[in-house]
Amino acid sequence: MTVTNNARGIADGVALRTPAAVAGRVRGLSDRAVAWLFILPTMLLLLAINIFPLIWAIRLSFTGLMANLPTPAHFVGLDNYVDILTDEDLWANFQITAHFVFWTIALQILIGLGLALLINQKFRGHSFWTTVILLPMMLSPAVVGNFWTLLFQPQIGPFNYLVGFFTGAAPSSFTMIGSVALAPWTIVLVNTWMWTPYVMLICLAGLRSIPDYIYEAAEVDRASPLRQFWSITLPMVLPFLMLAVLFQAIQAFVMFDLVNLLTSGGPGSTTELVSITLKRAAFEKWETGYASALAVILFVTIFGAANIYVKALNRVKQQ
Amino acid sequence: MTKALALIGLVAAGLSAAATVDKAQAQAKSLTMCWAAWDPANALVELDKDFTKLSGIEMKHEFVPWTSYADHFINLLNSRSSECDLIIGDSQWIGGAAENKWYVKLNDFFDKNKISMDTFLPATVVGYAEWPKNTPNYWGLPAMADAVGWTYRKDWFAKPELRAEFKAKYNRELEPPKTWDELIEISKFFTGKEIDGKKVYGSYIFTERGSEGITMGATNAMYNYGFDYMDPKQPYHMEGIVNAPGAAKGLDVYKELFKCCQPPGLTNAYMSEGLDAFKSGQVAMQMNWYAFFPGLAKDPNVGGDKIGFFKNPAGPAGDFTQLGGQGLSVVAASKNVDDALLYIKWFAQPEVQQKWTDLGGASASKAVLLSDAYKNSAAYAPSFVESMGMVKDFWAEPLYVPLLLDMQNRVHDYVVADKGTSQKALDELVRDWVKVFKQEGKNPS
Numbered sequence: 116m117t118v119t120n121n122a123r124g125i126a127d128g129v130a131l132r133t134p135a136a137v138a139g140r141v142r143g144l145s146d147r148a149v150a151w152l153f154i155l156p157t158m159l160l161l162l163a164i165n166i167f168p169l170i171w172a173i174r175l176s177f178t179g180l181m182a183n184l185p186t187p188a189h190f191v192g193l194d195n196y197v198d199i200l201t202d203e204d205l206w207a208n209f210q211i212t213a214h215f216v217f218w219t220i221a222l223q224i225l226i227g228l229g230l231a232l233l234i235n236q237k238f239r240g241h242s243f244w245t246t247v248i249l250l251p252m253m254l255s256p257a258v259v260g261n262f263w264t265l266l267f268q269p270q271i272g273p274f275n276y277l278v279g280f281f282t283g284a285a286p287s288s289f290t291m292i293g294s295v296a297l298a299p300w301t302i303v304l305v306n307t308w309m310w311t312p313y314v315m316l317i318c319l320a321g322l323r324s325i326p327d328y329i330y331e332a333a334e335v336d337r338a339s340p341l342r343q344f345w346s347i348t349l350p351m352v353l354p355f356l357m358l359a360v361l362f363q364a365i366q367a368f369v370m371f372d373l374v375n376l377l378t379s380g381g382p383g384s385t386t387e388l389v390s391i392t393l394k395r396a397a398f399e400k401w402e403t404g405y406a407s408a409l410a411v412i413l414f415v416t417i418f419g420a421a422n423i424y425v426k427a428l429n430r431v432k433q434q
Numbered sequence: 007m008t009k010a011l012a013l014i015g016l017v018a019a020g021l022s023a024a025a026t027v028d029k030a031q032a033q034a035k036s037l038t039m040c041w042a043a044w045d046p047a048n049a050l051v052e053l054d055k056d057f058t059k060l061s062g063i064e065m066k067h068e069f070v071p072w073t074s075y076a077d078h079f080i081n082l083l084n085s086r087s088s089e090c091d092l093i094i095g096d097s098q099w100i101g102g103a104a105e106n107k108w109y110v111k112l113n114d115f116f117d118k119n120k121i122s123m124d125t126f127l128p129a130t131v132v133g134y135a136e137w138p139k140n141t142p143n144y145w146g147l148p149a150m151a152d153a154v155g156w157t158y159r160k161d162w163f164a165k166p167e168l169r170a171e172f173k174a175k176y177n178r179e180l181e182p183p184k185t186w187d188e189l190i191e192i193s194k195f196f197t198g199k200e201i202d203g204k205k206v207y208g209s210y211i212f213t214e215r216g217s218e219g220i221t222m223g224a225t226n227a228m229y230n231y232g233f234d235y236m237d238p239k240q241p242y243h244m245e246g247i248v249n250a251p252g253a254a255k256g257l258d259v260y261k262e263l264f265k266c267c268q269p270p271g272l273t274n275a276y277m278s279e280g281l282d283a284f285k286s287g288q289v290a291m292q293m294n295w296y297a298f299f300p301g302l303a304k305d306p307n308v309g310g311d312k313i314g315f316f317k318n319p320a321g322p323a324g325d326f327t328q329l330g331g332q333g334l335s336v337v338a339a340s341k342n343v344d345d346a347l348l349y350i351k352w353f354a355q356p357e358v359q360q361k362w363t364d365l366g367g368a369s370a371s372k373a374v375l376l377s378d379a380y381k382n383s384a385a386y387a388p389s390f391v392e393s394m395g396m397v398k399d400f401w402a403e404p405l406y407v408p409l410l411l412d413m414q415n416r417v418h419d420y421v422v423a424d425k426g427t428s429q430k431a432l433d434e435l436v437r438d439w440v441k442v443f444k445q446e447g448k449n450p451s
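Chains as they are written, first to last, in our numbering: chain A, 116 to 434; chain B, 7 to 451.
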């Protein structure tokens, strides 16, 4: 009652202070019009920074524009799209991206869920360890990239030293970043190290949302911890896990900064993710039309896959 | 009446103040010089003090690290920015700069001020000033002569036990290599040896992938085994030239050197990594640009008597080396073109060219470089002069960036990542380049 009275008081106060001319104009507007008035600035901003560039990029994707040349854009039809879809090297880069996305997500989910189960046990000092585990995701990708580059340095890097210590191999006898076989796994490793805490947080939110009485009922029914995990924990955390997969898949698919700092796509093109190809086409080769077409293809791929996935996620939630 | 007088007084005071500001602005004229951030740029800062003393024009300097040098300045030029008045631009930019009118054409200015291109080394005029190549159309003044050369550990080469071992193994003296075969032999000889308590490697070569590194390195082997950019009689005809069997052999030789003798981890390494490897006593020989050699010659750990220099070794098809270096140009969008031209006129003077070299730059002036005084001035000088007479340069077309990045990809994929064969890499390179030239409106084949 007090709250209602207060609100009425504030409204009356505002009405009294509103100039008569403005009040008259606002009074003449419908609720719908007022609603539009409020969301219009946001809509305009969204159009200006999201929708307009998207439409512009789609338009450019049908041209042979090179942004570093003063020559105007000329229409080339579907040539850019044909070039992209028939380019063997680009397909290889899509495969490299798929490898990176699959393995980073698989490892992040496994380790993230494991860590969440551990932290959820509320052991002594668990708050401290939670903070420690969360540290990597709070760092800038630029810091992480440079820091791991140093760790992987064959002569002075502690990573090689540790591997050498446990396996007996000479530390400078192998290189993580420079090896064709190891570099694809190196970027998976670093990305997993950085983003697993994020997955852990999402899983932890899921675990904390499971009511205790369900476990108590299961214990009364003498369900083993493993059975409790398979029948209670996993099904109830699954929507959260699927959400984590969605976020991390998008993040990994457009990953650029970390990999660019670690390997720049090398050695050769063994870690050249599609995002790096896109950057090279757009800002090194200045093939603006071609790069726009590639960006459109990436956008459609991510948007389409995310939509299908969200539908599946909703189905799981309903179940 | 009093008000009117006060108003007149105020206007007079205002006009007088404006005149004072104009005078001050005229006195405080300045020029911005743009270049890469490296050792010779420090020498230029010193040299420019003389220009300021003489002309009263203050010199400002904008130096950008090599990793972002091309991107940064090409963007500025392309956007018609007046941030730089003078620019020391890479040799490959000259085509784009001329055709897009980023630079001021200097022919009339040179004629008027009697600046002759004959006073500079021919290769530097073609490389840093002319577009189209080999025509008297000048867009810059040769400013910083440079080429790829080699350094070696003279003290290691002089060790009696190593010399004896080498002689026994190869039946010749351990001396700086004259051919690529010898270079590989010596590199293999040093690789894995323990010298001064440290495991060392034979040689350091360029492998950088992102900008120009591996191309600037591999071409030194490829030129000398038969690689060229096009048929000299048929412009833009590349089939059978770029991917000639000799060119493929040259690429194989570069890969062999990388596989046998490069220190581990240096798979994406360029100038600074080479300097580090050499200074830290990790390698016996190092490929790098001559511009760094004055600094290395003075290095307290590896300079002085410990360092030696040699030109790029020859191959069965010739004796060439990769051209580096830059020309000095006036930016067309500058608001101070006249002052910038005044600087060019000053910089072209023989005594300024001499001082430029003395301070640590590298003049391309014949009077400076071909003098006995220069040849005797430093240990690297004789091989530098020789190298400048055998240079070849990469494409300088307006679309040189995609051409360069295509070569970077193909060569790095083959040399470092073991993808395919050298012949396949060069066949694909021809395909890539044909596509780029078609975009440029040329008629390649």
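Think of the CB as a built atom: it goes at the ideal place given N, C-alpha and C, for glycine as much as any other residue.
- Of all residues in the stretch 433-446 of chain B, those with a C-beta nearer than 8 Å to a C-beta of chain A are Gln445, reading in chain order.
- Contact between B/Tyr229 and B/Phe126 does not hold, since their C-beta atoms are separated by about 22 Å, which reaches or exceeds 8 Å.
- Contact between B/Thr221 and B/Val417 holds, with the beta-carbon distance rounding to 6 Å and staying under 8 Å.
- Per the coordinates, the alpha-carbon of B/Gln429 lies some 44 Å from the alpha-carbon of A/Ile423.
- Contacts with chain B at 9 Å (Cβ-Cβ) do not include A/Ile211.
- Pairing A/Ala182 with B/Leu112, the inter-Cα distance amounts to about 27 Å.
- A/Ile417 sits away from A/Ile199, with the two beta carbons spaced by 9 Å or more.
- In this structure, the straight-line span from the alpha carbon of B/Gly447 to that of A/Gly293 is close to 38 Å.
- Looking at the backbone, the Cα of A/Ile365 and that of A/Leu356 are separated by about 14 Å.
- Taking 9 Å as the cut-off, the Cβ atoms of B/Gly246 and B/Asp258 do not count as close.
- Check the Cα spacing between A/Leu349 and each of A/Cys318, A/Ser255, A/Gln223 and A/Ala298: the tightest is with A/Cys318.
- B/Thr273 belongs to the set of residues whose beta carbon lies under 9 Å from a beta carbon in chain A.
- Between the stretch 54-74 of chain B and the stretch 306-320 of chain B, the count of Cβ pairs shorter than 8 Å is below three; the stretches do not touch.
- At a cut-off of 9 Å between beta-carbon atoms, A/Pro382 makes contact with chain B.
- Taking a cut-off of 8 Å on C-beta distances, the stretch 208-226 of chain B touches the stretch 280-298 of chain B, as three or more cross pairs fall below it.
- The shortest CA-to-CA distance from B/Leu83 to any of B/Met65, B/Ala104 and B/Ser451 is the one to B/Ala104.
- At a cut-off of 9 Å between beta carbons, B/Gly287 makes no contact with chain A.
- Annotation: Cβ neighbours of B/Lys425 in chain A (cutoff 7 Å, chain order): Gly383.
- The Cβ atoms of A/Leu361 and A/Leu428 sit closer than 9 Å to each other.
- With a cut-off of 8 Å on Cβ pairs, the stretch 87-98 of chain B is in contact with the stretch 336-347 of chain B, counting three or more such pairs.
- By the CB criterion at 9 Å, A/Phe177 and A/Phe167 fall outside the cutoff.
- Contact of A/Thr290 with chain B by beta-carbon distance below 9 Å involves Pro270, Gly271, Leu272 and Thr273.
- Cβ contact annotation for B/Gly133 (same chain, cutoff 6 Å, sequence separation greater than five): Ser97, Leu329 and Asp399, in chain order.
- The alpha carbon of A/Ala257 has as its nearest neighbour, out of A/Phe398, A/Leu373 and A/Glu399, the alpha carbon of A/Leu373.
- Note that the C-beta distance between A/Pro312 and A/Gly240 is not below 9 Å.
- By the Cβ test, the stretch 428-442 of chain B is not in contact with the stretch 208-226 of chain A, since fewer than three Cβ pairs between them sit closer than 8 Å.
- Two segments are said to touch when three or more pairs of C-beta atoms, one from each, lie closer than 8 Å; by this definition the stretch 338-352 of chain B touches the stretch 57-67 of chain B.
- Under the three-state reduction of DSSP, B/Asp161 is assigned to helix.
- About 17 Å separates the beta carbon of A/Thr385 from that of B/Ala275, a gap too long to meet the 8 Å contact definition.
- Of all residues in the stretch 104-137 of chain B, those with a C-beta nearer than 8 Å to a C-beta of chain A are Asn106, reading in chain order.
- At a C-beta separation below 7 Å, B/Leu411 has these neighbours in chain A: Arg395, Glu399 and Lys400.
- By the rule that beta-carbons nearer than 9 Å mark a contact, A/Asp327 does not touch chain B.
- Straight-line measurement puts the Cα of B/Phe443 at about 17 Å from the Cα of B/Lys139.
- For B/Glu200, DSSP records a beta bridge to B/Lys205.
- Among the residues of the stretch 259-272 of chain A, those with a Cβ less than 9 Å away from any Cβ of chain B are Phe267, Gln268, Pro269, Gln270 and Gly272, in the order of the chain.
- A direct Cα-Cα distance of roughly 6 Å separates A/Pro269 from B/Gly271.
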